[in-house]
Amino acid sequence: MAFQIAALEHFLNYHGQKYIAPAKAGEEKDIMETFKKDGQTARQAFTELAQSVDQSLQDFHMQKVSGWMNQAQIGRPHFWCYFKREEESKHDPHFAIRLITLDDGLGISVEVSFIERGVVPETIVRQNQVLAVPIQAPLYYFAQSNGVSSRYEATEENRLFLQEAVDNKTVRKVLVKIDIPKIASYSNQESLVTAILEGFRLLSPYYLATK
Numbered sequence: 057m058a059f060q061i062a063a064l065e066h067f068l069n070y071h072g073q074k075y076i077a078p079a080k081a082g083e084e085k086d087i088m089e090t091f092k093k094d095g096q097t098a099r100q101a102f103t104e105l106a107q108s109v110d111q112s113l114q115d116f117h118m119q120k121v122s123g124w125m126n127q128a129q130i131g132r133p134h135f136w137c138y139f140k141r142e143e144e145s146k147h148d149p150h151f152a153i154r155l156i157t158l159d160d161g162l163g164i165s166v167e168v169s170f171i172e173r174g175v176v177p178e179t180i181v182r183q184n185q186v187l188a189v190p191i192q193a194p195l196y197y198f199a200q201s202n203g204v205s206s207r208y209e210a211t212e213e214n215r216l217f218l219q220e221a222v223d224n225k226t227v228r229k230v231l232v233k234i235d236i237p238k239i240a241s242y243s244n245q246e247s248l249v250t251a252i253l254e255g256f257r258l259l260s261p262y263y264l265a266t267k
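Throughout the sequence shown, residue numbering follows the numbering used here, covering 57 to 267 in sequence.
Here you go:
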């Protein structure tokens, strides 16, 4: 567990950095080889965590873990993984876990959301049905407006505000999330997986609202 966290923390140093294939990197060949190795190691660490979650689920199965760089070959250390039912399509909202950076270190965000590259108009409509269910802390909303995502605390006032914002199209999508902070404080992977599964449980009413 300590090794996995260390690998994830170390790869944060590459956030936003441009990766160049070592064969084309000239004097930076060794640097880029290390970049690639560290990215692969960090991704494997997150994959092992996702696999442990997958093994603890009956109806949901993990999908492919995000890459350590994006299509523009920029380092992307905040990995994510979706979990979906076998009968669901890529257009359906799913559960997901994401690596996040909080004030007190690395954390995991658990959410009900969808895969953007598979989105269709119906997906957005269904996703925003999470607003039909009352909410309370430690859950919160994460709403996107004009390409910018903002956090909203779990209050009835915010739920009604976001419903209106979705209706008038000033907000595109609303996720419901819960954060698991300080993952380095967990003594073993089993206890962290238990915390993630509890997040799935708390989010279940919102997932069901999207069906």
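Just so it is clear, CB atoms sit at the ideal spot from N, CA and C, and this is done for glycine as well.
Per DSSP, the beta bridge partners of Tyr196 are Lys233. Counting other Cβ atoms within 10 Å of its Cβ, Ser206 stays below 16 and is therefore classed as exposed. Taken through DSSP and simplified to helix, strand or coil, Glu84 comes out as helix.
Lys238 is the residue among Asn244, Gly131, Ala77 and Lys238 whose C-alpha sits nearest the C-alpha of Asp159. Assignment of Val227 by DSSP, reduced to helix, strand and coil, places it in the coil class.
Apart from sequence neighbours up to five positions away, the residues of its chain that approach His71 with a beta-carbon distance below 7 Å are Gly131 and Pro133, ordered along the chain.
Per the coordinates, the alpha-carbon of Tyr208 lies some 10 Å from the alpha-carbon of Lys233.
Within the DSSP bridge table, the entry for His117 names Lys140 as partners. Less than 8 Å separates the beta-carbon of Ala265 from that of Gln185. Distance check between Pro177 and each of Pro78, Val109, Tyr75 and Lys229 places Lys229 closest, using alpha-carbon atoms only.
Under the DSSP assignment, Leu187 falls outside any beta strand (DSSP E); it carries neither an H nor an E label.
Judged by DSSP in its simplified three-state form, Val222 adopts helix.
If you check the CB distance, Phe198 and Leu231 come in under 8 Å. Phe151 is positioned such that its CB atom lies no closer than 8 Å to that of Phe102. Per the DSSP secondary-structure output, Met125 pairs in a beta bridge with Gly131.
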